[in-house]
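Peer 1:
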Amino acid sequence: MKIEARLFEVLAVFFILMGVIYAVCTYYYRTGVEWTGVTCMFFAGGLALIAGTYFRFVARRVEIRPEDYDDAEIEDGAGELGFFSPHSYWPIAIAAGASLFAIGFATGNFWFSITMVAVILAAVAGLVFEYHVGPEKH
Numbered sequence: 032m033k034i035e036a037r038l039f040e041v042l043a044v045f046f047i048l049m050g051v052i053y054a055v056c057t058y059y060y061r062t063g064v065e066w067t068g069v070t071c072m073f074f075a076g077g078l079a080l081i082a083g084t085y086f087r088f089v090a091r092r093v094e095i096r097p098e099d100y101d102d103a104e105i106e107d108g109a110g111e112l113g114f115f116s117p118h119s120y121w122p123i124a125i126a127a128g129a130s131l132f133a134i135g136f137a138t139g140n141f142w143f144s145i146t147m148v149a150v151i152l153a154a155v156a157g158l159v160f161e162y163h164v165g166p167e168k169h
């Protein structure tokens with residue numbers, strides 16, 4: 032996971048540098064700094080730094096993967112990759128709730144949007160606890 036951490040850390044540095052360059056360029060070529068773009072650049076750098084920090088933190092606790100070796104072969108990554116739910120309908124419910132939330136928010140139906148937030152939270156809870164209740168429980 033060190034590769035992923037390095038990638039996001041480089042992206043964070045890139046976005047922060049581009050934010051500074053964007054601020055300087057808009058200051059001299061416009062009437063003032065264009066704060067929306069500068070803020071977005073710095074927030075993008077911050078989000079990339081959060082992801083990079085998380086991957087760096089996890090990389091210290093996870094055993095080395097074949098992707099981390101320079102001389103790894105394809106066969107080194109063979110085997111079971113993990114468990115993926117074959118029949119979950121919760122992601123569809125989350126997507127439907129998110130899209131209806133966006134429609135309600137865009138049209139000014141804030142009570143509808145608040146209701147959709149509750150639907151999204153319920154669907155996320157259903158997804159998280161899908162294999163802790165019911166016949167699949169071990």
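So the working numbering is basically just the index in the sequence shown, starting at one, shifted up by 31.
For every residue, glycine included, the Cβ atom is placed at its ideal position computed from N, Cα and C.
#1: Taking the alpha-carbon positions, what's the residue 59 to residue 149 distance?
#2: Anyone know if the C-beta pair for residue 53 and residue 69 falls short of 8 Å?
#3: Is residue 32 helix, strand or coil when you go by DSSP?
#4: Return the residue from the list 97, 36 and 147 that minimises the CA-CA distance to residue 86.
#5: CB-CB under 7 Å to residue 46, same chain, minus the five flanking residues each way: which ones, in chain order?
#6: When we look at the beta-carbon of residue 141 and count the other beta-carbons within 10 Å, is it buried (16 or more) or exposed?
#7: Which whole-angstrom value describes the C-beta separation of residue 132 and residue 144, a residue pair presumed to lie in contact below a C-beta threshold of 8 Å?
#8: Which same chain residues, not among the five before or five after residue 158, have their C-beta less than 6 Å away from its C-beta?
#9: So is residue 114 buried or exposed if we call it buried at 16+ other beta carbons inside 10 Å?
#10: Does the beta-carbon distance from residue 151 to residue 134 come in below 8 Å?
#11: Expressed to the nearest angstrom, what Euclidean distance is found between the alpha-carbon atoms of residue 146 and residue 123?
#12: Mind checking which residues open and close the alpha helix (DSSP H) that includes residue 126?
Peer 2: This is what the structure holds:
#1: 47 Å
#2: yes
#3: coil
#4: 36
#5: 72, 75, 76 and 79
#6: exposed
#7: 5 Å
#8: 121
#9: exposed
#10: no
#11: 17 Å
#12: 121-138
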